[in-house]
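Input: a single structure, listed below in structure tokens.
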Amino acid sequence: MNVYTTVAEMRQQVHAWKKEGLTIGLVPTMGYLHEGHASLIERARKENDKVIVSVFVNPTQFGPNEDLAAYPRDFKRDSALCEKLGTDAIFHPEPEEMYQNACTAVTMSVLNETLCGKSRPVHFGGVCTVVSKLFHISGADRAYFGQKDAQQLAIVRKMVKDLNFDIEIVGCPIVREADGLAKSSRNVYLNEEERKAALCLSRAVKKGQELIHLGISAEEVLAPMRQIIEAEPLAKIDYVSMVDAENMQYVDHVESDVLVAMAVYVGKTRLIDNFSFHV
Ligand code: PAF
Numbered sequence: 098m099n100v101y102t103t104v105a106e107m108r109q110q111v112h113a114w115k116k117e118g119l120t121i122g123l124v125p126t127m128g129y130l131h132e133g134h135a136s137l138i139e140r141a142r143k144e145n146d147k148v149i150v151s152v153f154v155n156p157t158q159f160g161p162n163e164d165l166a167a168y169p170r171d172f173k174r175d176s177a178l179c180e181k182l183g184t185d186a187i188f189h190p191e192p193e194e195m196y197q198n199a200c201t202a203v204t205m206s207v208l209n210e211t212l213c214g215k216s217r218p219v220h221f222g223g224v225c226t227v228v229s230k231l232f233h234i235s236g237a238d239r240a241y242f243g244q245k246d247a248q249q250l251a252i253v254r255k256m257v258k259d260l261n262f263d264i265e266i267v268g269c270p271i272v273r274e275a276d277g278l279a280k281s282s283r284n285v286y287l288n289e290e291e292r293k294a295a296l297c298l299s300r301a302v303k304k305g306q307e308l309i310h311l312g313i314s315a316e317e318v319l320a321p322m323r324q325i326i327e328a329e330p331l332a333k334i335d336y337v338s339m340v341d342a343e344n345m346q347y348v349d350h351v352e353s354d355v356l357v358a359m360a361v362y363v364g365k366t367r368l369i370d371n372f373s374f375h376v
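Under my numbering, residues 98 to 376 are what the sequence shown spells out, in order.
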């Protein structure tokens with residue numbers, strides 16, 4: 098497995114693979130890999146001749162008061178895991194390599210105006226821009242994203258459609274700890290007490306899944322979910338919302354495929370979780 102830190106080196110390898118007619122799967126990550134990422138890499142491994150994992154903590158998707166500097170990093174461990182999972186190459190650039198005097202960015206509307214996009218106004222523009230760059234650099238046939246970041250997945254799918262990227266986007270299920278907590282690199286921020294409190298998210302998801310059915314009002318699903326979170330003293334709701342699964346706009350009733358998503362602060366750590374319902 099090779100580690101490439103420059104666009105030129107990565108491209109050289111990609112061109113060589115393409116010349117041999119090989120297909121490429123890309124798993125874009127910000128590192129600090131966990132079983133959720135591992136499931137994306139394994140899926141990519143099955144569906145492509147070559148797998149590239151990008152490990153890049155992308156500064157443009159963090160707002161000024163967010164956790165860019167504190168974001169956990171452990172490249173040695175990440176590369177060992179990638180190697181074990183049969184990754185062919187890691188793309189691991191420095192921010193300067195990715196954003197030399199950049200004047201161009203991808204913007205989006207509508208889908209990024211709700212849920213996390215509302216609380217994190219610069220976030221999805223940064224994601225769209227870096228993901229576009231990674232798609233071009235990797236020349237990938239397929240790219241793998243987790244359902245845990247459901248709004249990100251919907252946004253990337255829409256961007257690919259709107260801008261005619263020749264790439265297939267593959268969404269993969271949420272991977273959870275044995276007790277239900279969705280795997281996240283940010284879980285390391287939680288102390289013991291907060292780790293226990295964080296279970297209110299997956300408990301709320303479970304409650305919502307029990308209640309939801311075609312025709313039910315959003316509030317009949319969301320209010321009992323909020324109650325579970327509000328009963329936890331260390332938890333503070335950012336949002337618990339229901340949106341149309343495709344355009345991410347709020348819905349009053351379940352009449353189409355929907356996403357029920359939440360962001361909750363547990364102590365200082367902002368955690369997300371969600372479930373989808375198909376009619
Ligand atoms: O989901 C993530 O880890 C990031 O948003 C991504 C897709 C790697 C872009 O930086």
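Glycine residues also receive a C-beta, built at the ideal position from the N, C-alpha and C atoms.
- The nearest non-hydrogen atom of the ligand PAF is 7 Å or more from the C-beta of MET339.
- Ranking ILE149, ASP164, LYS147 and VAL148 by CA distance to the CA of ASN155 puts ASP164 first.
- Scanning ALA332, LEU119 and TYR336 for the CA closest to the CA of ALA320 turns up TYR336.
- Cβ-Cβ distances below 7 Å link ARG170 to GLY128, TYR129 and VAL154 in the same chain, with the five nearest sequence neighbours on each side left out; the list follows chain order.
- With respect to the C-alpha of VAL355, the residue from ILE369, LYS245, SER338 and ARG367 having the closest C-alpha is SER338.
- PRO125 is the residue among PRO125, LYS255, VAL253 and MET345 whose C-alpha sits nearest the C-alpha of ALA186.
- Using a Cβ distance threshold of 8 Å, LEU250 and GLY223 do not count as a contacting pair.
- Between ILE149 and LEU208, the C-beta gap is not smaller than 8 Å, which leaves the two residues out of contact.
- Short of 7 Å from the beta carbon of GLU139, and not among the five residues preceding or following it, lie these beta carbons of its own chain, in chain order: LEU182.
- Between LEU308 and the set MET345, HIS350 and HIS112, the nearest pair of CA atoms involves HIS350.
- Three or more pairs of CB atoms, one per stretch, sit closer than 8 Å, so the segment 108–127 contacts the segment 229–238.
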